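J.:
Number of protein chains: 2
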Amino acid sequence: MESKQVPIGVSARHIHLSKEHIAILFGDGAELSVLKELSQPGQFAANETVEVVGPKGSFPKVRILGPARGKTQIEISRTDAFSIGVPAPVRESGNIAGSPGVTVKGPKGEVVLEEGVIVAARHIHFHTSDAAKWGIANGDLLRVRVNGERPLVFEDVVARVSDSFALDMHIDTDEANSAGCKTGDAGEILS
Amino acid sequence: MESKQVPIGVSARHIHLSKEHIAILFGDGAELSVLKELSQPGQFAANETVEVVGPKGSFPKVRILGPARGKTQIEISRTDAFSIGVPAPVRESGNIAGSPGVTVKGPKGEVVLEEGVIVAARHIHFHTSDAAKWGIANGDLLRVRVNGERPLVFEDVVARVSDSFALDMHIDTDEANSAGCKTGDAGEILS
Numbered sequence: 002m003e004s005k006q007v008p009i010g011v012s013a014r015h016i017h018l019s020k021e022h023i024a025i026l027f028g029d030g031a032e033l034s035v036l037k038e039l040s041q042p043g044q045f046a047a048n049e050t051v052e053v054v055g056p057k058g059s060f061p062k063v064r065i066l067g068p069a070r071g072k073t074q075i076e077i078s079r080t081d082a083f084s085i086g087v088p089a090p091v092r093e094s095g096n097i098a099g100s101p102g103v104t105v106k107g108p109k110g111e112v113v114l115e116e117g118v119i120v121a122a123r124h125i126h127f128h129t130s131d132a133a134k135w136g137i138a139n140g141d142l143l144r145v146r147v148n149g150e151r152p153l154v155f156e157d158v159v160a161r162v163s164d165s166f167a168l169d170m171h172i173d174t175d176e177a178n179s180a181g182c183k184t185g186d187a188g189e190i191l192s
Numbered sequence: 002m003e004s005k006q007v008p009i010g011v012s013a014r015h016i017h018l019s020k021e022h023i024a025i026l027f028g029d030g031a032e033l034s035v036l037k038e039l040s041q042p043g044q045f046a047a048n049e050t051v052e053v054v055g056p057k058g059s060f061p062k063v064r065i066l067g068p069a070r071g072k073t074q075i076e077i078s079r080t081d082a083f084s085i086g087v088p089a090p091v092r093e094s095g096n097i098a099g100s101p102g103v104t105v106k107g108p109k110g111e112v113v114l115e116e117g118v119i120v121a122a123r124h125i126h127f128h129t130s131d132a133a134k135w136g137i138a139n140g141d142l143l144r145v146r147v148n149g150e151r152p153l154v155f156e157d158v159v160a161r162v163s164d165s166f167a168l169d170m171h172i173d174t175d176e177a178n179s180a181g182c183k184t185g186d187a188g189e190i191l192s
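As given, the protein sequences belong to chains A and B, one line each in that order. Counting in our numbering, the first sequence tops out at residue 192, every number present. Counting in our numbering, the second sequence tops out at residue 192, every number present.
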């Protein structure tokens with residue numbers, strides 16, 4: 002049977018901002034500008050960054066990923082979470098209810114978030130055609146072997162399937178470092 | 002068959018010092034004092050700490066683990082390595098030849114190391130009797146499942162067997178964070 006190889010994308014800490022928060026942080030009418038297109042169609046790393054301040058420390062330059070979203074969300078690693086003192090839970094993107102907040106500072110203003118800081122659950126974006134070919138359904142939990150410098154098998158890798166996705170496995174920096182892999186390496190779906 | 006359960010110990014960044022370096026950093030005749038006994042017989046976390054300085058940053062309080070060793074060795078995570086700009090290789094403890102150096106500062110002096118900074122390869126300490134019972138030999142590479150918040154299977158876990166060891170699996174903070182586990186949790190040896 003064909004090996005189910007998936008390219009790996011390592012997510013460093015980043016933030017998605019709502020339109021309302023972009024206006025507060027960067028000024029009325031401000032828009033994000035594109036630094037680099039990302040693997041998912043329409044998504045981009047912006048030139049703009051913000052400071053993220055927690056009770057024990059801060060990250061002075063956190064990259065904004067665009068375009069604007071309905072709700073502001075910050076994705077950090079567990080190492081980051083300890084570093085700034087924010088007990089971020091492991092969650093799927095978009096599921097921020099009850100997660101801790103943090104203060105976000107931009108050049109024109111700041112926002113005190115009530116919630117929105119998560120550690121993103123590892124996941125694979127599948128285009129509908131990839132998922133169909135491999136018999137994978139949205140929400141499946143997969144096992145993926147990464148044969149890097151420190152080989153391991155990630156379990157509970159969430160399958161996310163959409164016509165608007167491109168095939169890519171997203172893990173955070175803790176996960177990449179413990180596997181000894183980097184963006185552009187490949188993982189193999191075992192089951 | 003009996004499940005091969007192993008307690009997990011998460012190693013934060015730490016340093017082992019030679020006698021010569023203890024004298025330079027803390028003064029002639031200085032000795033390490035015991036803060037806490039560790040899982041391995043005779044090993045301890047010292048009250049004393051040092052600053053570790055790399056080209057891109059520093060860690061102001063790195064815990065010393067005693068007793069003194071033949072050679073000074075610093076064990077950091079890959080996240081730490083990026084943070085201070087030191088390209089530490091994944092190595093077994095004691096194998097520091099050709100690894101990068103760093104500057105170590107104590108209250109009485111400093112040492113510029115030519116080598117000694119590694120990312121410790123994940124490993125399990127087995128007492129000889131544990132290893133015999135489970136048919137494991139020194140140097141075996143094992144697969145260990147950790148069923149934490151983010152389940153995964155670590156591969157290439159090095160078996161280290163000695164009469165002077167107590168059963169314990171040592172992983173670093175990146176590995177613990179990506180598994181969602183902590184010291185005192187258990188792993189299961191699969192093969």
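Cβ coordinates follow ideal geometry from the N, Cα and C atoms, glycine included. Please read all numbers here as calculations on a predicted model, not as lab measurements.
Check each candidate in Pro108(A), Val162(A), Gly55(A) and Thr50(A) and name the one with the smallest Cα separation from Phe127(A).
T.: To locate residue 127(A), count along the first sequence from 1; it is residue 126. Per the Cα distances, Val162(A).
J.: Starting from Ala24(A), trace the alpha helix (DSSP H) both ways and give me its first and last residue.
T.: Start at 1 with the first residue of the first sequence, and residue 24(A) comes out as number 23. It spans Lys20 to Phe27 - the alpha helix (DSSP H) in which Ala24(A) sits, taken as one unbroken run.
J.: Listed in chain order, which residues of the region 152-178 of chain A have Cβ atoms closer than 7 Å to some Cβ of chain B?
T.: Those residues of the region 152-178 of chain A placed with their C-beta closer than 7 Å to a C-beta in chain B are Pro152, Leu153, Val154, Phe155, Glu156, Asp157, Thr174, Asp175, Glu176 and Asn178, ordered along the chain.
J.: For Thr73(A), name the three-state secondary structure that DSSP assigns.
T.: Here residue 73(A) corresponds to residue number 72 of the first sequence, with the count starting at 1. Looking at Thr73(A) - three-state DSSP - the assignment turns out to be coil, as it is neither helix nor strand.
J.: Less than 8 Å between the CB atoms is what I'm expecting for Ile75(A) and Val53(A), so what's the real figure, rounded?
T.: On the first sequence, residue 75(A) is found 74 positions in, with the first residue counted as 1. On the first sequence, residue 53(A) is found 52 positions in, with the first residue counted as 1. Confirmed, Cβ separation roughly 6 Å.
J.: From the DSSP output, read off the bridge partner residues of Ile125(A).
T.: As a working note, residue 125(A) is residue 124 in the first sequence. BP columns for Ile125(A) point to Ala160(A) and Met170(A).
J.: Which two residues bound the contiguous alpha helix (DSSP H) that contains Ala98(B)?
T.: Taking the second sequence and counting its residues from 1, the one referred to as residue 98(B) is at position 97. Taken as a continuous stretch (DSSP letters only), Ala98(B) belongs to no alpha helix (DSSP H), as it is neither H nor E.
J.: Just tell me which of Leu191(A), Glu176(A), Leu18(A) and Ser192(A) has its CA closest to the CA of Val11(A).
T.: As a first step, residue 11(A) is located in the first sequence; it is residue number 10 there, counting from the start. When only C-alpha atoms are compared, the closest one is Glu176(A).
J.: If I follow the unbroken alpha helix (DSSP H) through Ser84(B), where does it start and stop?
T.: One-based indexing of the second sequence puts residue 84(B) at position 83. Unbroken alpha helix (DSSP H) run through Ser84(B): Arg79 to Ile85.
J.: Please report the Cβ distance between Leu168(A) and Pro42(A), rounded to the nearest whole angstrom; I am assuming they are in contact, meaning their Cβ atoms lie under 8 Å.
T.: Your numbering for residue 168(A) matches position 167 in the first sequence. Your numbering for residue 42(A) matches position 41 in the first sequence. Rounded, the Cβ-Cβ distance is 12 Å, inconsistent with contact.
J.: With a 10 Å radius around its C-beta and 16 neighbouring C-beta atoms as the bar for buried, classify Val87(A) as buried or exposed.
T.: Indexing the first sequence from 1 puts residue 87(A) at position 86. Counting Cβ neighbours within 10 Å, Val87(A) comes out buried, since at least 16 surround it.
J.: Can you check which of these residues, Gly58(B), Gln44(B), Phe83(B) and Ile77(B), is closest to Leu66(B) by C-alpha distance?
T.: Numbered from 1 along the second sequence, position 65 holds the residue referred to as residue 66(B). Checked all of Gly58(B), Gln44(B), Phe83(B) and Ile77(B); the closest Cα to Leu66(B) is Gln44(B).
J.: As a quick exercise: from His124(A), Glu32(A) and Ser100(A), pick the residue whose alpha carbon is nearest that of Leu114(A).
T.: As a working note, residue 114(A) is residue 113 in the first sequence. When each option's Cα is compared against that of Leu114(A), the closest is Ser100(A).
J.: Does any CB atom of chain B fall closer than 7 Å to the CB of Arg92(A)?
T.: The residue you call residue 92(A) lines up with position 91 of the first sequence. Closer than 7 Å: no.
J.: Give a yes or no on contact between the region 106-124 of chain A and the region 18-33 of chain A, applying the rule of three or more CB pairs nearer than 8 Å.
T.: yes
J.: At a CB-CB cut-off below 7 Å, which residues of chain A make contact with Ser192(B)?
T.: What you label residue 192(B) is simply residue 191 of the second sequence in a count that begins at 1. Result: empty, since nearest Cβ-Cβ is about 12 Å, beyond 7 Å.
J.: So that I know if they touch, is there some Cβ in chain B lying closer than 7 Å to that of Glu76(A)?
T.: Stepping through the first sequence from its first residue, residue 76(A) is reached at position 75. Interface with chain B (7 Å Cβ-Cβ cutoff): Glu76(A) is excluded.
J.: Could you pull out every residue in the same chain whose Cβ sits closer than 6 Å to the Cβ of Leu142(A), ignoring the five residues on either side in sequence?
T.: As a first step, residue 142(A) is located in the first sequence; it is residue number 141 there, counting from the start. Asp157.
J.: Could you say which of Asp173(A), Leu153(A), Thr50(A) and Val103(A) lies nearest to Arg79(A) if we only look at CA atoms?
T.: If you number the first sequence from 1, residue 79(A) lands on position 78. For Arg79(A), the nearest C-alpha among the options comes from Asp173(A).
J.: Is the beta carbon of Leu1(A) sitting closer than 7 Å to the one on Ala46(A)?
T.: This structure cannot speak to residue 1(A), because chain A is shown only from 2 to 192.
J.: For Phe60(A), I'd like the list of residues in its chain whose CB is within less than 6 Å of its CB, leaving aside the five on either flank, ordered along the chain.
T.: As a first step, residue 60(A) is located in the first sequence; it is residue number 59 there, counting from the start. Within the same chain, Phe60(A) has close Cβ partners Val53.
J.: Quick check on Thr129(A): buried or exposed, where buried means 16 or more other Cβ atoms within 10 Å of its Cβ?
T.: Position 128 of the first sequence, counted from the start, is the residue given in the question as residue 129(A). With fewer than 16 other Cβ atoms within 10 Å, it is exposed.
J.: So Ala122(A) and Val159(A) are in contact, right, with Cβ under 8 Å, and what is the actual spacing, rounded?
T.: For this step, residue 122(A) is matched to residue 121 along the first sequence. For this step, residue 159(A) is matched to residue 158 along the first sequence. That belief holds up - the Cβ atoms of Ala122(A) and Val159(A) are roughly 6 Å apart, short of 8 Å.
J.: Tell me which same chain residues have a C-beta within less than 6 Å of the C-beta of Thr184(A), skipping the five on either side of it?
T.: Here residue 184(A) corresponds to residue number 183 of the first sequence, with the count starting at 1. Within the same chain, Thr184(A) has close Cβ partners Gly10 and Val11.
J.: Here's a check: name, in chain order, each residue in its chain whose Cβ is nearer than 6 Å to the Cβ of Asp164(A), leaving out the five neighbours to either side.
T.: Against the first sequence, residue 164(A) aligns to sequence position 163. These residues qualify, in order along the chain: Thr129.
J.: Select from Ala187(A), Arg14(A), Asp186(A) and Lys5(A) the residue whose C-alpha is nearest the C-alpha of Ile77(A).
T.: As a first step, residue 77(A) is located in the first sequence; it is residue number 76 there, counting from the start. Of the candidates Ala187(A), Arg14(A), Asp186(A) and Lys5(A), the one whose C-alpha sits nearest the C-alpha of Ile77(A) is Arg14(A).
J.: Tell me whether Ala46(A) sits in a helix, a strand or coil according to DSSP, three-state version.
T.: For the purposes of this step, residue 46(A) is identified with residue 45 of the first sequence, where counting begins at 1. DSSP places Ala46(A) in strand when its eight states are reduced to three.
J.: Applying the 10 Å Cβ sphere with the 16-neighbour rule, what's the burial state of Asn178(A)?
T.: In the first sequence, counting from the first residue as 1, residue 178(A) sits at position 177. Buried, by the Cβ-count rule.
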